[in-house]
Amino acid sequence: MKDKILELVPGSVKKLLQKKVKDGNRCIIDLVVDDATAYGFEPEQV
1 MKDKILELVP
11 GSVKKLLQKK
21 VKDGNRCIID
31 LVVDDATAYG
41 FEPEQV
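When the letters of the sequence shown are read in order and numbered with full-length UniProt numbering, they come out as residues 1 to 46.
See below:
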């Protein structure tokens with residue numbers, strides 16, 4: 001799902017989503033994918 005979402009967004013958004021968050025070595029996209037998966041969303045819906 002992560003790769004599909006990154007394919008769908010513009011380059012500037014892709015860079016933002018790939019930034020690390022303060023609480024560890026995770027990227028913003030990892031948090032988005034966790035929530036999207038938990039709620040049953042498809043990549044196109046995110």
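Built from N, CA and C at the ideal position, the CB exists for glycine as well.
For my contact list, residue i and residue j are in at a C-beta cut-off of 8 Å; report their separation, rounded to the angstrom.
i   : j   : result
P43 : K14 : Contact flag wrong, Cβ pair sits at about 13 Å.
In the DSSP assignment, find the alpha helix (DSSP H) that holds residue i and state where it starts and stops.
i   : result
K15 : G11 to L17
V33 : I28 to A38
E7  : K2 to L8
Tell me which residues share the same chain as residue i and place their Cβ nearer than 6 Å to its Cβ, disregarding the 5 neighbours each side in the sequence.
i   : result
A36 : V46
V33 : M1 and K2
How long is the line joining the alpha carbons of residue i and residue j, rounded to whole angstroms?
i   : j   : result
K17 : I28 : Position check: residue 17 holds Leu in this sequence, whereas Lys was assumed. Distance between the alpha carbons of L17 and I28 is about 5 Å.
L31 : G24 : 12 Å
E7  : K20 : 19 Å
P10 : F41 : 20 Å
K22 : A38 : 22 Å
S12 : R26 : 19 Å
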